[in-house]
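**Q** Residue numbers (our numbering), protein chains in the order written: chain A, 30 to 254; chain B, 30 to 254. Backbone N, C-alpha and C fix where the C-beta goes; we use that ideal spot for every residue, glycine too. In this text, all values refer to a predicted model and were calculated from it rather than measured experimentally. Please see the structure below; I have some questions.
Number of protein chains: 2
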Amino acid sequence: METNCKNCPFNSKAAAMLSDGSFEQLSANHLVLKFKKGDAIIKQGMYSTNVVFLRTGLAKIHLAGPYHEQIVKLVKAPTYLGLPTTFGDKINQYSVTAVSEVEVCFIDVEVFQTILNENREFSHEIILELCRNELESFHRCANRTQKLLRGNFADALLEFSDRIFMSDTFVLPLSQVELANLVDTSRESISRLLSEFDKDGIIGMKGKQIEILDKKSLKLISQNG
Amino acid sequence: METNCKNCPFNSKAAAMLSDGSFEQLSANHLVLKFKKGDAIIKQGMYSTNVVFLRTGLAKIHLAGPYHEQIVKLVKAPTYLGLPTTFGDKINQYSVTAVSEVEVCFIDVEVFQTILNENREFSHEIILELCRNELESFHRCANRTQKLLRGNFADALLEFSDRIFMSDTFVLPLSQVELANLVDTSRESISRLLSEFDKDGIIGMKGKQIEILDKKSLKLISQNG
DNA sequence: ATTATTTTGTGATTTGCATCACATTGTCTA
DNA sequence: TAGACAATGTGATGCAAATCACAAAATAAT
Chain A
30 METNCKNCPF NSKAAAMLSD GSFEQLSANH LVLKFKKGDA IIKQGMYSTN
80 VVFLRTGLAK IHLAGPYHEQ IVKLVKAPTY LGLPTTFGDK INQYSVTAVS
130 EVEVCFIDVE VFQTILNENR EFSHEIILEL CRNELESFHR CANRTQKLLR
180 GNFADALLEF SDRIFMSDTF VLPLSQVELA NLVDTSRESI SRLLSEFDKD
230 GIIGMKGKQI EILDKKSLKL ISQNG
Chain B
30 METNCKNCPF NSKAAAMLSD GSFEQLSANH LVLKFKKGDA IIKQGMYSTN
80 VVFLRTGLAK IHLAGPYHEQ IVKLVKAPTY LGLPTTFGDK INQYSVTAVS
130 EVEVCFIDVE VFQTILNENR EFSHEIILEL CRNELESFHR CANRTQKLLR
180 GNFADALLEF SDRIFMSDTF VLPLSQVELA NLVDTSRESI SRLLSEFDKD
230 GIIGMKGKQI EILDKKSLKL ISQNG
C-alpha cells in the first residue's frame, strides 16, 4: 500500500530539455533573477504573465487554506513553476517562496507558448511533467489524510533526505511552523516529534542540523502509525 | 480564505474540443464502450495503452492509500481519464470505476499522441486541463486536511448538488463507505452526519434520495467547523 | 419466499492531537 | 551589548472523531 519514489513512473526531464534545441530563442527572451531565502517569487492573487523556471535552489509552493497557509510541497531546481496560473486567467493561484538562495528565469507566457507550439518534444515533456504532478498530488493527499502524524513527519524527513538534499545530513529548510503547515499539524507537535525522534536515536539533532541515524526505523514509522 | 468553484479560474473545454476539427481522425481509431455502475473502467496497476474519454455518466477516481482505498474525486462527463498513466510507463496509477451507467471511448495513445502533435489548440487545451487539475488538487487537499469533518462533508454535498447533478435533489451516487473514503472519515461518521443534517432540516433524506433544503446553512458549515 | 450478505443507524469508549499556557532559547537590531 | 521579538521546548487539558459493538434495514442470492 505504501507509495514512494520507487513507485513513481516518471523522472523529471522537461526542465532540463530547454538547454537543448530551443534554448536560443528562449535565452533572448528571459530574465534571470536571484532571490534570497524568504523572498516571494510568485504571490498568490497577483497578476502575472510569466512562467517561472527555477534554475537553482529550493522553494516552497504554498497557498491560503481555509484556516491557515498550507505548504503544498518543497520543490527543487530544476523545475517550472506557475504554469497553471499563467495559462489560466493570469492570476497566480498559489505562492512560491524561496527557501534557499535561488535563481529563477522569468519567461513571458507568449514566448513560452511559442516554444510550446514549435517544439513538440518540449510540449510533450511539459504534459508529462503536469501528469506527474497530478499523480504526485493524489498520492501525497491520500497519504497526508490517511497517515497519522508520526508517519507524515517521517515522510517529510525522508523526503528531505532522499529527494531534496540526497544526503543523510542536512539543515532543516523550514521552521517548525512551516513544517507544521507542510505536514498538517501544530507547531508543538513538530517540536515534540523532533525531540522524540532525537531521544530515540532515529535522528541526531543540533539546532536545525539534522542527521538521519536510523532510516530503517523512519521507514517503519512512515508505514505504521 | 474559502476556496470554491467561484475562485476557479478555469472552465472545462478540452473535452468538448475533439468534436471540432480533429474528430474525424479520431473516430476511426477509437472504441466506444458502455459500463454499468460499479464496473472498473481503469484498474490501478494494470498495463494500458489507451487514453479514456468519458463521454457520458459519472465515475470515481480512486487509488490505494496506505490504509484504505481513497476516492480522489467524482468526475462527470465529458472528461479525459488516464492521461498520467498512458503517458508514463503505461501502468495505471489510479483506478476509475463507473458510478452510473457510463459511455467511454478508448483511444490508443499513439493516436492520441498524433492528434496532440498535429493540433496545437487541442494540446493547449490538454495542458490547460492538466493545470486546472493540479490547482484543483492543491485546493482540495488543503481543504480536506484543514477543515473539520462537518465542513468537508458539507462540501461534498454542495459539490454533488452544484457541480455533479446541478440540482437540489439527487440520489447519493456513493455508498456511505465510499463517502467516507471521499471525505476521509469513518462510515459511522457519515451516517451520523446525514442523520444530523436531516434532523436539522438542512437536507431532506428518504433512503439515498437527497434534497438540499438549506444551502445557506450548508455553506456556513463548509466555512466553519 | 427465505436465507444470506451487504448496507446503515446509534450508543459507549478510547485516543491522537490541538489548544492553552508558559518557560527558554535563539536572532535581529538599535 | 542590551533589549526586543521570533522560534522553540514541554506540561496540562479538552475535544473531534476513530473505533468497538451491536441492532436494524435493505439487497442480493438461492
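Just tell me which of B:90, B:128, B:96, B:216 has its CA closest to the CA of residue 110 of chain B.
**A** The option with the nearest alpha carbon to residue 110 of chain B is B:90.
**Q** Assuming contact is defined by CB atoms lying nearer than 9 Å, are residue 75 of chain A and residue 136 of chain A in contact in what I supplied?
**A** no
**Q** Could you tell me the distance, in whole angstroms, from the CA atom of residue 240 of chain B to the CA atom of residue 199 of chain B?
**A** 7 Å
**Q** I want to verify the contact list: residues of chain B whose CB lies under 7 Å from the CB of residue 101 of chain A, in sequence order.
**A** Residues of chain B passing the Cβ test: 167.
**Q** Taking just the CA atoms, how far does residue 147 of chain B sit from residue 50 of chain B?
**A** Note that residue 50 of chain B scores a pLDDT of 46, beneath 50, so its modelled location is shaky and nothing firm can be said.
**Q** Using 10 angstroms around the beta-carbon of residue 209 of chain A, count the other beta-carbons present and answer buried if the total reaches 16, otherwise exposed.
**A** buried
**Q** Under the DSSP definition of a beta bridge, which residues are partnered with residue 241 of chain B?
**A** B:232
**Q** In chain B, which residues lie less than 9 Å from residue 76 of chain A when you measure between Cβ atoms?
**A** Those within 9 Å of residue 76 of chain A in chain B number zero; the least Cβ separation is about 12 Å.
**Q** Measuring only the C-alpha atoms, how far is residue 216 of chain A from residue 221 of chain B?
**A** So the alpha carbons of these two residues sit roughly 31 Å apart.
**Q** What whole-angstrom Cβ distance do residue 187 of chain B and residue 251 of chain B have, given they're in contact under 8 Å?
**A** 6 Å
**Q** Thinking C-alpha only, which one of B:64, B:94, B:69 is nearest residue 171 of chain A?
**A** B:94
**Q** Please tell me whether residue 135 of chain B has its Cβ less than 9 Å away from any Cβ of chain A.
**A** no
**Q** According to the Cβ coordinates, are residue 65 of chain A and residue 131 of chain A closer than 9 Å?
**A** yes
**Q** Please list, in chain order, the chain B residues whose beta carbon lies closer than 9 Å to that of residue 152 of chain A.
**A** Chain B residues near residue 152 of chain A: 145, 146, 149, 152, 153, 156.
**Q** Pairing CB atoms from the stretch 148 to 165 of chain A with CB atoms from the stretch 225 to 232 of chain A, are three or more of them under 8 Å?
**A** no
**Q** Which of the residues in the stretch 105 to 137 of chain A, read from start to end, lie with their CB under 7 Å from any CB of chain B?
**A** 112, 113, 116, 117, 118, 120, 122, 123
**Q** Since I believe residue 183 of chain A is in contact with residue 211 of chain A (beta carbons under 8 Å), could you give me their beta-carbon distance rounded to a whole number of angstroms?
**A** With a Cβ gap of about 13 Å, residue 211 of chain A and residue 183 of chain A do not count as contacting.
**Q** With burial defined as no fewer than 16 other Cβ atoms inside 10 Å of the residue's Cβ, what is the status of residue 99 of chain B: buried or exposed?
**A** buried
**Q** Note down, in chain order, each residue of its chain lying with its Cβ closer than 8 Å to the Cβ of residue 72 of chain A, except the 5 sequence neighbours on either side.
**A** 121, 124
**Q** Check whether the Cβ atoms of residue 213 of chain A and residue 174 of chain B sit closer than 9 Å, and answer yes or no.
**A** Yes, they are a contact pair.
**Q** Smallest Cα separation from residue 168 of chain B: which of B:101, B:228, B:142?
**A** The option with the nearest alpha carbon to residue 168 of chain B is B:101.
**Q** Which same chain residues, not among the five before or five after residue 152 of chain B, have their C-beta less than 7 Å away from its C-beta?
**A** 145
**Q** What does the alpha-carbon distance come out to for the pair residue 88 of chain A and residue 192 of chain A?
**A** 14 Å
**Q** When you compare the CB positions of residue 134 of chain A and residue 206 of chain A, do they come within less than 9 Å of one another, or not?
**A** no
**Q** Which residues does DSSP list as the beta-bridge partners of residue 134 of chain A?
**A** DSSP lists A:61, A:82 as the bridge partner or partners of residue 134 of chain A.
**Q** Cβ closer than 8 Å: which chain B residues qualify as neighbours of residue 172 of chain A?
**A** Correct list: 94, 95.
**Q** Show which residues of chain A have a CB atom less than 8 Å away from the CB atom of residue 79 of chain B.
**A** The premise fails here: residue 79 of chain B is roughly 15 Å from chain A at the closest Cβ pair, so nothing lies under 8 Å.
**Q** Just curious, the alpha helix (DSSP H) that residue 199 of chain B is in, first and last residue?
**A** Residue 199 of chain B -> not in any alpha helix (DSSP H); beta strand (DSSP E) instead, spanning 198 to 200.
**Q** Using only alpha-carbon positions, find the residue among B:139, B:197, B:141, B:236 that is nearest to residue 243 of chain B.
**A** B:197
**Q** Would you list, in sequence order, the uninterrupted alpha helix (DSSP H) runs of no fewer than 4 residues that lie entirely inside the stretch 94 to 156 of chain B?
**A** 112 to 116, 138 to 147
**Q** Drop a sphere of 10 angstroms on the beta-carbon of residue 92 of chain A, count the other beta-carbons inside from all chains shown, and report buried for 16 or more, exposed for fewer.
**A** The residue in question, residue 92 of chain A, is buried, as its Cβ has 16 or more Cβ neighbours within 10 Å.
**Q** Between residue 248 of chain A and chain B, is any beta-carbon pair separated by less than 9 Å?
**A** no
**Q** Would you mind sorting residue 60 of chain B into buried or exposed? The rule is 16 or more other CB atoms within 10 Å of its CB.
**A** Counting Cβ neighbours within 10 Å, residue 60 of chain B comes out exposed, since fewer than 16 surround it.
**Q** Any C-beta of chain B within less than 9 Å: which residues of the stretch 209 to 229 of chain A qualify?
**A** 213
**Q** From what residue to what residue does the beta strand (DSSP E) around residue 70 of chain A run?
**A** 69 to 71
**Q** Give a yes or no on whether 9 Å exceeds the smallest Cβ distance from residue 192 of chain B to chain A.
**A** For residue 192 of chain B, no Cβ of chain A is located within less than 9 Å of the residue's own Cβ.
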